[in-house]
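For the sequence shown, our numbering assigns the number 88 to the initial residue and increments by one for each residue that follows.
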Amino acid sequence: MHENKNWQRLEAVINWANMSANFFAHHIGLSRGENLYQIKRGNNGISLNLAQRIVDHFPQVSKLWLLTGEGDMLNDEARRGTLVPFYRVDVERSIRQVGELEAECKLLLPESTGCDLAMVYMGNAMGRQLPLGAIVFLKRVEPEHLIPGKEYLVCSKQFDALRVVRTGQDGRLRLVAGDKKNYDDLELAREEIEALYLVCAKMILN
């Protein structure tokens, strides 16, 4: 069987970005994931246009490697990691003031997927899944890019809460706590979201 090296390289980037193929396609500006599946089937290679779209959104990725397989997937700077501004404040209480705060320092996050900032989680709702005092690395995303099953900090008129977001009844979103015994699910419509941050990494301090 012919080895599809183009898809192997593309799949490596998709997995590194922690996205599904369809979400990745949408993220880089493609109208549908079919463009990527044509590469998976071996019908197309990685075009210069596609490679440029990818590096425009993920500058850590080497365009030469995408097109030819030469060198490494990540450029030298990306292998060292990304410096993310860290604010030693409670993420649920202080996320709306982040523009007015001064970062205490910058934390090095290897293989960053574009995290915007890091804050401290001082809640109890996530239980063992995210213990009090853990550092969360956040990336702001648009509500239409929400992936059910992942952890988000959801900001709405009613609350700012870090939860696992799932799809509920009638298209509403269900925000699920890690400590289900002591915390009920929260519900809201997608259009009620004022800001949304994906938890793209955690640092749990012993």
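The beta carbon of each residue, even a glycine, is placed where N, CA and C say it ideally should be.
Classify residue i as buried or exposed, calling it buried when 16 or more other Cβ atoms lie within 10 Å of its own Cβ.
| i | result |
| --- | --- |
| residue 158 | exposed |
| residue 147 | buried |
| residue 276 | exposed |
| residue 210 | buried |
| residue 284 | buried |
| residue 262 | buried |
Considering only their Cβ atoms, is the gap separating residue j from residue i smaller than 8 Å?
| i | j | result |
| --- | --- | --- |
| residue 97 | residue 126 | yes |
| residue 178 | residue 260 | no |
| residue 193 | residue 224 | no |
| residue 207 | residue 176 | yes |
| residue 234 | residue 110 | yes |
| residue 246 | residue 273 | yes |
| residue 104 | residue 160 | no |
| residue 69 | residue 217 | With the chain covering only 88 through 293, there is no way to say anything about residue 69. |
| residue 182 | residue 242 | yes |
| residue 102 | residue 112 | no |
| residue 149 | residue 136 | no |
| residue 257 | residue 214 | no |
What does a CB cutoff of less than 8 Å around residue i pick up in its chain, not counting 5 residues either side in sequence?
| i | result |
| --- | --- |
| residue 156 | 92, 96 |
| residue 88 | Unreliable positioning characterises residue 88 in this predicted model, as indicated by a pLDDT of 45, which lies under 50. A coordinate reading is not provided. |
Beta-carbon within less than 6 Å of residue i's beta-carbon, same chain only, minus the 5 sequence neighbours each way: which residues are those?
| i | result |
| --- | --- |
| residue 270 | 212, 264 |
| residue 189 | none |
| residue 287 | 200, 202, 224, 226 |
| residue 205 | 171, 173, 194, 222, 224 |
| residue 230 | 277, 280, 283 |
Is residue i near the ligand ZN - that is, is its Cβ less than 7 Å away from at least one heavy atom of it?
| i | result |
| --- | --- |
| residue 93 | The ligand ZN is not among the ligands present in this structure, which contains no ligands whatsoever. |
For this session: Check whether the segment 117–135 touches the segment 246–254, taking contact to mean three or more Cβ pairs, one atom from each stretch, closer than 8 Å.
Result: no
Exercise. How about the segment 110–125 and the segment 137–146: do they share at least three Cβ pairs that are nearer than 8 Å?
Worked result: yes
Problem set entry | Length-filtered (3 minimum) beta strand (DSSP E) runs lying within the segment 129–216 | 169–177, 192–196, 204–208
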